[in-house]
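> In the numbering used here, the protein residues as written are 69 to 346.
Where is the CB? At the ideal position from N, CA and C, for every residue including glycine.
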């Protein structure tokens with residue numbers, strides 16, 4: 069974050085001052101890089117110096133009624149350019165909005181999550197609906213490195229059927245919902261090596277449990293470090309239980325909830341039908 073200067077985690081809220089030098093090599097020459105809302109605000113101010121700007125993100129809406137004050141200003145036509153994070157993508161109805169831009173729209177496509185394309189389609193389709201609600205119509209401009217990706221082309225045409233057909237096919241191999249059921253087992257703790265060892269032990273225990281209980285068709289994938297490897301000072305590994313037989317999957321999960329072994333200080337959670345694997 070540029071203002072105030074800080075390193076901030078948007079998952080757990082951890083906040084600390086920017087280091088004065090590189091923690092790896094000790095070099096003191098550091099530059100702010102990135103395409104966050106603060107960088108966008110600087111660029112817009114330089115490109116459109118006469119425009120009245122309003123930024124809407126977690127920082128500017130943290131105060132009481134801050135969200136409402138920004139939107140009320142837009143409704144009174146006191147704002148020329150409203151920009152922000154995904155919180156402005158849906159639910160807004162301003163008939164004077166004639167242009168919507170999406171910056172770096174394919175960022176979400178590269179997340180290691182099976183719903184990445186689905187969420188990208190939803191976001192583009194939702195934000196596109198903010199433009200053209202008045203008699204003057206509207207236009208949507210999408211910035212992307214992958215303009216031919218089916219999630220983006222379908223969203224540009226508001227063609228849910230075309231997107232669903234491609235996405236359902238993509239989820240057949242390897243199988244993901246709705247073709248199979250999932251349970252995400254997350255192992256977390258303060259010691260990285262301890263968490264990794266506990267996750268490996270849990271994987272062996274689950275495979276043995278499935279064999280003993282004759283839960284045929286239930287697969288254990290992993291373990292591996294979770295994509296978000298550390299949150300709130302806790303290291304995270306995960307395993308995925310996968311099966312089209314949801315009864316067998318539920319039976320294994322219920323037993324594991326009661327009996328899964330783990331060292332003291334290590335936490336194991338089971339998320340049935342997870343909306344994300346991050």
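(1) Are there 16 or more other CB atoms within 10 angstroms of the CB of residue 155, so buried, or fewer, so exposed?
(2) Using a Cβ-Cβ cut-off of 6 Å (strictly less than) and excluding sequence neighbours within five positions of residue 274, which residues of its own chain qualify?
(3) For residue 130, name the three-state secondary structure that DSSP assigns.
(4) So what does residue 311 bridge to, in DSSP terms?
(5) What whole-angstrom Cβ distance do residue 82 and residue 126 have, given they're in contact under 8 Å?
(6) Taking the alpha-carbon of residue 325 as reference, which of 312, 339, 333 has the nearest alpha-carbon?
(7) Could you give the uninterrupted runs of the beta strand (DSSP E) lying entirely in the region 212-294, keeping only those of 3 residues or more?
(8) Alpha carbon to alpha carbon, what distance is there between residue 291 and residue 332?
(9) Comparing the C-beta of residue 160 with each C-beta of chain B, is any distance below 7 Å?
(10) So, does the region 250-267 touch the region 205-220, judging by three or more C-beta pairs under 8 Å?
(11) Which residue wins for smallest C-alpha separation from residue 293, given the options 319, 286, 254?
(12) Check the DSSP bridge columns for residue 343 and list the partner residues they point to.
(13) Return the CA-CA distance between residue 237 and residue 230, expressed in angstroms with no decimal places.
(14) Smallest Cα separation from residue 311: which of 113, 297, 251, 305?
(15) For residue 113, which of helix, strand or coil comes out of DSSP?
(16) Taking the continuous alpha helix (DSSP H) assigned at residue 191, which residues delimit it?
(17) With a CB to CB cut of under 6 Å and the five nearest residues on each side skipped, what residues in its chain are close to residue 296?
(18) Less than 7 Å between C-beta atoms, sequence neighbours within five positions excluded: which residues of the same chain meet that for residue 248?
(19) Pick out whichever of 180, 161, 150, 336 has its Cα sitting closest to the Cα of residue 106.
(20) State the DSSP-derived secondary structure class of residue 82, mapped to helix, strand or coil.
(21) Between which two residues does the beta strand (DSSP E) carrying residue 152 extend?
(22) Taking just the CA atoms, how far does residue 109 sit from residue 193?
(23) Quick one: residues in its chain with C-beta nearer than 7 Å to the C-beta of residue 302, no 5 flanking neighbours on either side, listed in chain order?
(24) Could you give the first and the last residue of the continuous beta strand (DSSP E) run that contains residue 169?
(25) Just to confirm before moving on: does the CB-CB distance between residue 320 and residue 286 stay below 7 Å?
(26) Identify every residue that forms a DSSP beta bridge with residue 338.
(27) Helix, strand or coil: which one does DSSP assign to residue 324?
Taking the coordinates as given:
(1) Exposed is the call here.
(2) 288
(3) coil
(4) Residue 311 is bridged to 249.
(5) With a Cβ gap of about 14 Å, residue 82 and residue 126 do not count as contacting.
(6) 339
(7) 249-257
(8) 19 Å
(9) Protein chains in the displayed structure number just one, and chain B is not present.
(10) At 8 Å Cβ cutoff, the stretches do not touch.
(11) 254
(12) Answer is none; residue 343 lacks a bridge partner.
(13) Roughly 11 Å separates the two Cα atoms.
(14) 251
(15) It is helical.
(16) 184-196
(17) 346
(18) 310, 311, 312
(19) 150
(20) Residue 82: coil per DSSP, three-state reduction.
(21) 149-152
(22) 24 Å
(23) 256, 257, 258
(24) 167-170
(25) yes
(26) 253
(27) helix
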